[in-house]
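All remarks here apply to the structure that follows.
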């Protein structure tokens, strides 16, 4: 059964920003695009680069290593070399905190 965990306060994640953190063995990444909060795994499925060092844009999250772009809503890669999607997680805001279902 999944649990909801507090990732950060809403003040920690402004428009167009990313927030990375670890929970147990998971390396997670929050993104804020147009006021909507998304959560994905933080490590690229192709070559294990840390996506927190990537570039967030309207088209998605670009890996800093080989430039694959992942859609932040469903984790699907938009171009090679990545082929496997990122794991995505549900998010919600409660009491000015961003929670992730893990």
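Residue numbers (the numbering used here): 78 to 179.
Cβ atoms here follow ideal geometry from the backbone N, Cα and C, with glycine treated the same way.
What span of residues does the beta strand (DSSP E) with residue i cover, start to end?
i	result
residue 121	Premise fails: residue 121 is in no beta strand (DSSP E) and is neither H nor E.
residue 171	168-171
residue 106	103-110
residue 99	95-100
If you run the structure through DSSP and keep just helix, strand and coil, what is residue i?
i	result
residue 129	helix
residue 136	coil
residue 89	helix
residue 148	coil
residue 84	strand
residue 178	strand
residue 143	coil
In angstroms with no decimal places, state the Cα-to-Cα distance between residue i and residue j.
i	j	result
residue 82	residue 90	16 Å
residue 131	residue 140	5 Å
residue 87	residue 157	33 Å
residue 160	residue 168	25 Å
residue 107	residue 84	8 Å
residue 165	residue 172	23 Å
residue 92	residue 101	27 Å
residue 99	residue 136	25 Å
Which same chain residues end up closer than 7 Å to residue i when comparing Cβ atoms and leaving out the 5 residues on each side of it in sequence?
i	result
residue 79	178, 179
residue 127	119, 120
residue 124	142, 143
Starting from the C-beta of residue i, find all residues in its chain whose C-beta is less than 8 Å away, skip the five residues before and the five after it, and write them out in chain order.
i	result
residue 162	122, 147, 151, 152, 153, 154
(message) If contact is defined by three or more beta carbon pairs under 8 Å, each pair taking one atom from either stretch, is the stretch 143-151 in contact with the stretch 107-116?
(response) yes
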